[in-house]
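*Asks:* Take the numbering used here: the last position of the sequence shown gets the number 265, and nothing is skipped along the way. Quick reminder that beta carbons are idealized off the backbone N, C-alpha and C, glycines included.
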Amino acid sequence: MEKTSTKTVVFITGAFVHHSCWDDWKSHFESKGYRAIVPPWPYKNTSAEALRNSHPNRDIAAMRLAALTAHYDHIIRALPEKPILIGHSIGGLITQLLLQRGLGESGVAIHSVPPQGIMTFKFSFLKAGWGPLGFFTPASKSFLMSFDQWKYAFTNGMDCDAQKEAYYNYAIPESKLIVRDTITAAAKVNFQHPHAPLLLTAGSEDHTIPASLNYANYKKYSNSNSVTDYKEFKGRNHFVLGQPTWKEDADYILEWLNKHS
5 MEKTSTKTVV
15 FITGAFVHHS
25 CWDDWKSHFE
35 SKGYRAIVPP
45 WPYKNTSAEA
55 LRNSHPNRDI
65 AAMRLAALTA
75 HYDHIIRALP
85 EKPILIGHSI
95 GGLITQLLLQ
105 RGLGESGVAI
115 HSVPPQGIMT
125 FKFSFLKAGW
135 GPLGFFTPAS
145 KSFLMSFDQW
155 KYAFTNGMDC
165 DAQKEAYYNY
175 AIPESKLIVR
185 DTITAAAKVN
195 FQHPHAPLLL
205 TAGSEDHTIP
215 ASLNYANYKK
225 YSNSNSVTDY
235 KEFKGRNHFV
245 LGQPTWKEDA
255 DYILEWLNKH
265 S
């Protein structure tokens, strides 16, 4: 009997951004015949403006990586078929964690936060991450990037009006604990474990997750005997999902999925 490949895609949002950042991607994938699902994070199922107005938000502040991964685990297990997982930033990390559990037919990690044990001391990474880590500040209070922090961490290289529009549409408060958990066992991946096909993408201009960090993540899978691919896109910052080049990236991913479904 001929195998029918899955046509369900679960988009997994990263930290600091509203899940509507996937709207264009969702429509594009649906135009190609996919069923696209964009589940919001817990306590974030309202507008970006409303979430900013809720800051400091104690429910968001208390969120942990293990609970967030379990949130997506529950959603995926309830689906009628094993989906394709596509995540950005911390969503890319969660994609890798869920593939370890056998929950995806394939996965794409876009500018992914790396699993435990992969680090860099590149200045841009340290500068972009210092505020969100929130050391020496109360973990009970959510973190909301200032516009200046947003410009450096997400939209560097874009014109000022586009940066302002992106901030208004997508910037939301975040849990400092979620960010801190990415360097703990909650983010542990067994890189030798067989996994479904995985594509890691990176951007040459990303301050938050430098391309070198994504490449180091990719190289860790070299002994897994599973399909693992890497692609660096020139000119992409951490706001890659909303840059004018987003469709080029999405089409590259669609082509890769067609090869590995």
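Which ranges does the beta strand (DSSP E) cover as unbroken runs of at least 3 residues, wholly within the segment 61 to 100, from first to last along the chain?
*Replies:* 88 to 92
*Asks:* Sort Asn262, Trp260, Glu53 and Val244 by Cα distance to Trp26 and report the nearest one.
*Replies:* The shortest Cα separation from Trp26 among Asn262, Trp260, Glu53 and Val244 belongs to Val244.
*Asks:* Would you mind stating whether Ile88 and Leu107 have Cβ atoms separated by less than 8 Å?
*Replies:* No, these two residues do not count as a Cβ contact at 8 Å.
*Asks:* By Cβ distance below 7 Å, which residues in the same chain neighbour Asp255 in space, the five residues on each side in sequence not counted?
*Replies:* none
*Asks:* Examine chain D for any beta-carbon lying closer than 8 Å to the beta-carbon of Lys48, and answer yes or no.
*Replies:* Any reference to chain D falls outside this structure, which holds one protein chain only.
*Asks:* Closest to Lys126 by C-alpha separation, out of Val193, His211, Trp250 and Phe20, would be which residue?
*Replies:* His211
*Asks:* Reducing DSSP to helix, strand and coil, say where Tyr47 ends up.
*Replies:* coil
*Asks:* Can you tell me whether DSSP reads Met5 as helix, strand or coil?
*Replies:* Legend: pLDDT at Met5 = 32, less than 50; position of this residue unreliable, value from coordinates given subsequently. The answer is coil: DSSP assigns Met5 none of H, G, I, E or B.
*Asks:* Are the beta-carbon atoms belonging to Ala19 and Lys30 less than 8 Å from one another?
*Replies:* no
*Asks:* Do you know offhand how far Lys145's Cα is from Lys192's?
*Replies:* 26 Å
*Asks:* In this structure, does DSSP put Gly106 in helix, strand or coil?
*Replies:* Secondary structure of Gly106 (DSSP, three-state): coil.
*Asks:* With DSSP as the reference, label Ala189 as helix, strand or coil.
*Replies:* helix
*Asks:* Identify, in the order they occur along the chain, each residue of the same chain with its Cβ nearer than 6 Å to the Cβ of Phe147, setting aside the five sequence neighbours on each side.
*Replies:* Pro136, Gly138, Glu178 and Lys180
*Asks:* Leaving out five residues before and five after Tyr234 in sequence, what residues of the same chain have Cβ atoms less than 8 Å from its Cβ?
*Replies:* Leu203, Leu204, Thr205, Ala206, Asn218, Tyr219 and Tyr222
*Asks:* Report the three-state DSSP secondary structure of Tyr225 (helix, strand or coil).
*Replies:* coil
*Asks:* Please name the residue, chosen from Val13, Thr124 and Pro46, that lies closest to Ser35 on a Cα-to-Cα basis.
*Replies:* Val13
*Asks:* Rounded to the nearest angstrom, what separates Gln247 and His32 at their Cα positions?
*Replies:* 15 Å
*Asks:* Okay, do the segment 249 to 265 and the segment 110 to 121 touch, 3+ Cβ pairs below 8 Å being the bar?
*Replies:* Taking 8 Å as the limit for Cβ pairs, the verdict is that the segment 110 to 121 does touch the segment 249 to 265.
*Asks:* What are the residues that DSSP puts in a beta bridge with Tyr234?
*Replies:* Leu204
*Asks:* Going by DSSP, what residue range makes up the alpha helix (DSSP H) through Ala166?
*Replies:* Cys164 to Tyr174
*Asks:* Go to Phe139, then tell me how far its alpha helix (DSSP H) extends in each direction, as first and last residue.
*Replies:* No alpha helix (DSSP H) holds Phe139; DSSP gives it neither H nor E.
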